[in-house]
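Undergrad: Structure provided below as structure tokens; questions to follow.
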């Protein structure tokens with residue numbers, strides 16, 4: 002995890018390679034941005050809801 006300004010970058014390494022998700026640190030995140038973060042993290046809507 003690293004932070005630059007108002008964004009945090011999460012990196013996960015596994016056998017499938019490297020997955021990176023950049024997340025803004027705001028009180029509210031726009032729906033389209035949230036969907037993009039979910040896509041970067043490789044999460045479906047159901048997987049995200051289960052968190």
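In my numbering, the protein residues as written are 2 to 52.
We put the CB at the ideal spot given by N, CA and C, even for glycine.
Quick one: give me the first and last residue of the alpha helix (DSSP H) that residue 32 is part of.
TA: Element bounds for residue 32: 32-42.
Undergrad: Which one of 46, 26, 36 and 39 has the shortest CA to CA distance from residue 4?
TA: When only C-alpha atoms are compared, the closest one is 26.
Undergrad: Can you grab the Cα-Cα spacing for the pair residue 34 / residue 22, in whole Å?
TA: Taking the straight line joining both Cα atoms gives about 11 Å.
Undergrad: Of the residues 2, 20, 51 and 14, which one's Cα is nearest the Cα of residue 41?
TA: Of 2, 20, 51 and 14, the residue nearest in Cα terms is 20.
Undergrad: Near residue 39, what residues of its chain come up, given a Cβ to Cβ distance below 6 Å and the 5 sequence neighbours on each side ignored?
TA: Cβ within range, chain order: 49.
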